[in-house]
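Going by this note's numbering, the first residue of the sequence shown is number 86, and it counts up by one from there.
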Amino acid sequence: MFGKNSIVGQKFFNGRDDLMVVSRFMTLQGEGPYRGYPAFFVRLAKCNLACSFCDTYFDNGDWFTVDELMKEVNSAIVDHFGGFVPPYMAGEKKEAVFVLSGGEPMLQKNIKQLLDAVNKEFRYSQIESNGTVFTEIPEETCLVVSPKCLEKSGAPVRYLTPRAETLERANCLKFVMSADKDSPYSSIPEWAFEWRDKTGRQIFVSPMNIYNKFPRKFDEEYSTDNIKIGERSNVDEVISFWEEGLLDMKSNQINHEYTANYCVNNGLTYNLQQHLYAGLA
Ligand code: SF4
Numbered sequence: 086m087f088g089k090n091s092i093v094g095q096k097f098f099n100g101r102d103d104l105m106v107v108s109r110f111m112t113l114q115g116e117g118p119y120r121g122y123p124a125f126f127v128r129l130a131k132c133n134l135a136c137s138f139c140d141t142y143f144d145n146g147d148w149f150t151v152d153e154l155m156k157e158v159n160s161a162i163v164d165h166f167g168g169f170v171p172p173y174m175a176g177e178k179k180e181a182v183f184v185l186s187g188g189e190p191m192l193q194k195n196i197k198q199l200l201d202a203v204n205k206e207f208r209y210s211q212i213e214s215n216g217t218v219f220t221e222i223p224e225e226t227c228l229v230v231s232p233k234c235l236e237k238s239g240a241p242v243r244y245l246t247p248r249a250e251t252l253e254r255a256n257c258l259k260f261v262m263s264a265d266k267d268s269p270y271s272s273i274p275e276w277a278f279e280w281r282d283k284t285g286r287q288i289f290v291s292p293m294n295i296y297n298k299f300p301r302k303f304d305e306e307y308s309t310d311n312i313k314i315g316e317r318s319n320v321d322e323v324i325s326f327w328e329e330g331l332l333d334m335k336s337n338q339i340n341h342e343y344t345a346n347y348c349v350n351n352g353l354t355y356n357l358q359q360h361l362y363a364g365l366a
């Protein structure tokens, strides 16, 4: 999105019992506590922030009730495996992680109902949030909070502190890091270290990727009302670290090395976005 989305709050979803879904796809989880696991992703639409470096499309979607979405998930799994679902995904519980992402998924209603249904079918579930909005989720779902910065004129100014109930519930925090010393993304805020010391929970830190060009074929053509979830999920969403010319490799090297050293010096977990190296969405 690169900061061009229209910002919405929880009010946008008032009066709706269904969920606005951008896409759903089978992949592997690239980051955080389930990194490397086979994963089924559901991306929900809309966000209450517009981060200048955001590379995710989330502005448009289709509406699904929880039941309809679970049917859509199961039919997408069958399609992904070409009709033959491997045993690990066909048992009473699928041995994969279900990841509810966005946008900002906590904006929408019925998140708990959806995750309750998910937890009956998947061994693991995770929701990712920027921490500025909160809604109730099941106890067994892992909450990964990825704090972001307030931006002015497209430049980050300072970290937005997550809500108190979010920090209390968070299973881990996940930050992106830039080597640009003028950016608040060049360090982890003090409140995060205090949270880690108090809770004993983990902080993951990923180097920020710097792009030479917009990574998606998915833009105007795909952001109209005419495209449906199947096409949005199949459109070329893959951002590959190996695609020639896509990333500014010199800046990325600097960010990777800076972040690794920061992690060593501060006792944090270095977190590469593994899916980018695997050529997966
Ligand atoms: S909070 Fe996340 S999804 Fe929303 S604009 Fe920022 S990076 Fe993108």
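Ideal Cβ positions, reconstructed from N, Cα and C, are used throughout, including at glycine.
Exercise. Report the option in Asp-265, Pro-274, Arg-286 whose CA atom is closest to the CA atom of Tyr-343.
Key: Walking along the sequence shown from the start, residue 343 turns up at place 258. Nearest C-alpha to Tyr-343: Asp-265.
Exercise. Measure the beta-carbon distance from Val-39 to Glu-250 and round it to whole angstroms, keeping in mind my assumption that it falls under 8 Å.
Key: An answer regarding residue 39 cannot be provided, because it is not within the stretch 86 to 366 covered by the chain.
Practice problem: Could you tell me the distance, in whole angstroms, from the CA atom of Val-127 to the CA atom of Tyr-119? | Solution: Here residue 127 refers to the residue found at position 42 of the sequence shown. Here residue 119 refers to the residue found at position 34 of the sequence shown. Approximately 15 Å, taken between the alpha carbons.
Quiz prompt | Pick from Lys-298, Trp-276, Arg-208, Ser-263 that is closest to Lys-292, judged by C-alpha positions | solution = Here the question's residue 292 lines up with position 207 in the sequence shown. Per the sequence shown, the amino acid found at residue 292 is Pro instead of Lys. With distances taken between Cα atoms, Pro-292 lies closest to Ser-263.
Quiz item: Going by Cα to Cα distance, which pick from Phe-260, Ala-181, Pro-123, Glu-224 is closest to Leu-245?
Solution: Position 160 of the sequence shown holds residue 245. If we check each option's Cα against that of Leu-245, Phe-260 comes out closest.
Practice problem: Tell me, to the nearest whole angstrom, how far the beta carbon of Cys-234 is from that of Pro-223; I am working on the premise that it is less than 8 Å. | Solution: As a position in the sequence shown, residue 234 is number 149, starting the count at 1. As a position in the sequence shown, residue 223 is number 138, starting the count at 1. At roughly 29 Å, the Cβ-Cβ gap does not stay under 8 Å, so Cys-234 and Pro-223 are not in contact.
Quiz item: Looking at C-beta atoms only, is the number of pairs between the region 154 to 164 and the region 134 to 142 that lie closer than 8 Å three or more?
Solution: no
Practice problem: Could you please give me the residues that DSSP links to Gln-287 through a beta bridge? | Solution: Here residue 287 corresponds to residue number 202 of the sequence shown, with the count starting at 1. Answer by DSSP bridge pairing, in chain order: Cys-257.
Quiz item: What is the residue span of the alpha helix (DSSP H) that Asp-147 lies within?
Solution: In the sequence shown, counting from the first residue as 1, residue 147 sits at position 62. Segment 147 to 149 is the beta strand (DSSP E) holding Asp-147; no alpha helix (DSSP H) there.
Quiz item: So which of Ala-363, Lys-298, Ser-318 has the shortest CA-CA distance to His-165?
Solution: Residue mapping note: residue 165 aligns to position 80 of the sequence shown, counting from 1. Residue Ser-318 is the option with its Cα nearest to His-165.
Quiz item: Less than 7 Å between the CB of Phe-260 and some heavy atom of the ligand SF4, yes or no?
Solution: On the sequence shown, residue 260 is found 175 positions in, with the first residue counted as 1. No, the beta carbon of Phe-260 sits no closer than 7 Å to any heavy atom of the ligand SF4.
Practice problem: Taking only the alpha-carbon atoms, compute the straight-line gap between Glu-180 and Arg-109 and give it to the nearest angstrom. | Solution: Counted from its first residue, the sequence shown places residue 180 at position 95. Counted from its first residue, the sequence shown places residue 109 at position 24. Going from the Cα of Glu-180 to the Cα of Arg-109 covers about 17 Å.
Quiz item: Is it right to say Trp-327 is buried, meaning 16 or more other beta carbons lie within 10 angstroms of its own, or is it exposed?
Solution: In the sequence shown, counting from the first residue as 1, residue 327 sits at position 242. The residue in question, Trp-327, is exposed, as its Cβ has fewer than 16 Cβ neighbours within 10 Å.
Exercise. Grab the span of the beta strand (DSSP E) containing Arg-128 for me, first residue to last.
Key: Taking the first residue of the sequence shown as position 1, residue 128 is located at position 43. Residues 123 to 129.
Quiz item: Which residue's Cα is closest to the Cα of Gly-121: Leu-154, Val-184, Ser-137, Ser-91?
Solution: Numbered from 1 along the sequence shown, position 36 holds the residue referred to as residue 121. It is Val-184 whose Cα lies nearest to the Cα of Gly-121.
Quiz item: So Met-334 is in the beta strand (DSSP E); what residue range does that whole segment cover?
Solution: By 1-based counting over the sequence shown, the position of residue 334 is 249. No beta strand (DSSP E) contains Met-334, which is instead part of the alpha helix (DSSP H) from 334 to 351.
Self-check item: Beta-carbon contacts of Ile-371 that lie in its chain and below 8 Å, excluding the five residues immediately before and after
Solution: Missing from the structure shown is residue 371; the chain here goes from 86 to 366 and no further.
Quiz item: Is Gln-211 helix, strand or coil when you go by DSSP?
Solution: Sequence index remark: in the sequence shown, residue 211 carries index 126 (1-based). In this structure, Gln-211 counts as strand in the three-state DSSP scheme.
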